[in-house]
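Residue numbers (the working numbering), protein chains in the order written: chain A, 1 to 144; chain B, 145 to 288. Ideal placement from N, C-alpha and C gives every residue a C-beta, glycine not left out.
Number of protein chains: 2
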Amino acid sequence: MASDLASQDYRLDEQVGFLLRKANQRHLTILSGMMPGGLTSMQFSTLYRLATEPGPVSQNALGRMVAMDAATTKGVVARLQARNLIRTEPDPTDKRRYTLSTTEEGRALLAGILPVMREITRETLAPLSPTEQETLVRLLKKIS
Amino acid sequence: MASDLASQDYRLDEQVGFLLRKANQRHLTILSGMMPGGLTSMQFSTLYRLATEPGPVSQNALGRMVAMDAATTKGVVARLQARNLIRTEPDPTDKRRYTLSTTEEGRALLAGILPVMREITRETLAPLSPTEQETLVRLLKKIS
DNA sequence: CGGCCATCATTTGTGCACAAGTGACGTTTT
DNA sequence: AAAACGTCACTTGTGCACAAATGATGGCCG
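What follows is the structure, encoded as structure tokens:
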């Protein structure tokens, strides 16, 4: 019965998992409300990583850099490519791979987004004091 | 060019958004590895909330309690129902609504899962000291 | 060399998450 | 009572996230 469960004293909204999900939800709401060009969080991350990577990058490798699996990466890359923000060409030395690179358009969009991303991070952390903000980031790094 | 972006000094893996997502990912990996009965995180949360709610609950209301929108709730409820963990019946006083309730089977499964959920939370927070764990939960509450 | 195994990109299937729209029903307001 | 507005459940469409499988290719080892 319900009293059995109640006696277990488990508070859903005190669990890290529940709070991580809700915090992430709030962040993504802020992000999609401010992001120019209609990019999603992962489209931005992927584009940014590709733009700042010095050498050539394959699709799977790029996905791994932003913690996406191969199947998810495929979709994100396809959407970025459809918007002419990135380009792919066959790797000459490995017939399995495609080498990805950003387009001029992609880099221009990225430059405009970067200041906004700072603003989005600020807004997400706004309920916390500067010290708390640093603490949160430090602790999240440890459990991610 | 890349140097333009580099000079902007934006570190992706220091951003709250990126870290929230990765922390959530790790937590969900732990969860799906330990969860009995193959329930997902949201299936558990929904079932738990329904089981511990004293009065009758409609579908949309239940979804809101665990921060899901109506469209998402529909799917989660359908899967719980298909497994005979919850039941729905038409609300006599409001023809738009269905009143949800847990089945005996649902409550039994839940009772077995609760200790595991505690273990999952523990595992997720394992990299942190007890004080840090409390701090993280406190800060996450503020930004969720 | 030839077999073995890892990796690459891709596909299929399932499950959240949210936006936008629909028709049925309730409530409130005039 | 009629109109206006809100809510309920549901649908469609898009986008991540991951498991599992596939065929092509590359590296390694005996």
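- In its chain, beyond the 5 residues on either side, Gly207 have a beta carbon closer than 8 Å to the beta carbon of Asp213/B.
- When the Cα atoms are used, Met209/B and Thr217/B turn out to be separated by approximately 11 Å.
- Against chain B, the CB of Asn60/A has no partner CB under 7 Å away; the residue lies outside that interface.
- In this structure, the straight-line span from the alpha carbon of Asp153/B to that of Arg122/A is close to 15 Å.
- Pairing Leu80/A with Gln43/A gives a Cβ-Cβ distance under 7 Å.
- Proximity of chain B to Tyr10/A at the Cβ level (cut-off 8 Å) is accounted for by Tyr192, Leu258, Met261, Arg262, in chain order.
- Close to Glu134/A, with beta-carbon spacing below 7 Å, lies no residue of chain B; the smallest spacing is near 10 Å.
- Taking C-beta atoms under 8 Å as the contact rule, Lys166/B and Ser144/A qualify, at a distance of about 4 Å.
- For Leu100/A, the beta-bridge partners assigned by DSSP are Val57/A, Thr88/A.
- For Ala255/B and Leu85/A, the gap between their C-alpha atoms comes out near 50 Å.
- Only buried fits Arg107/A, as 16 or more other CB atoms lie within 10 angstroms of its CB.
- Around the beta carbon of Thr102/A, 16 or more other beta carbons lie within 10 angstroms, which makes this residue buried.
- Within the same chain, no residue comes within 8 Å of Pro130/A by CB-CB distance, once the 5 residues on both sides are set aside.
- Under the three-state reduction of DSSP, Gln15/A is assigned to coil, being neither helix nor strand.
- Per DSSP, the continuous alpha helix (DSSP H) segment holding Leu50/A begins and ends at 41 to 52.
- Non-local beta-carbon contacts of Arg262/B in its own chain, meaning distances under 7 Å to residues more than five positions away in sequence, are absent.
- For chain B, none of the residues of the segment 73 to 99 of chain A brings a beta carbon within less than 7 Å of one of its beta carbons.
- Taking 8 Å as the upper bound for CB-CB distance, Gln277/B and Ala67/A are not in contact here, some 23 Å apart.
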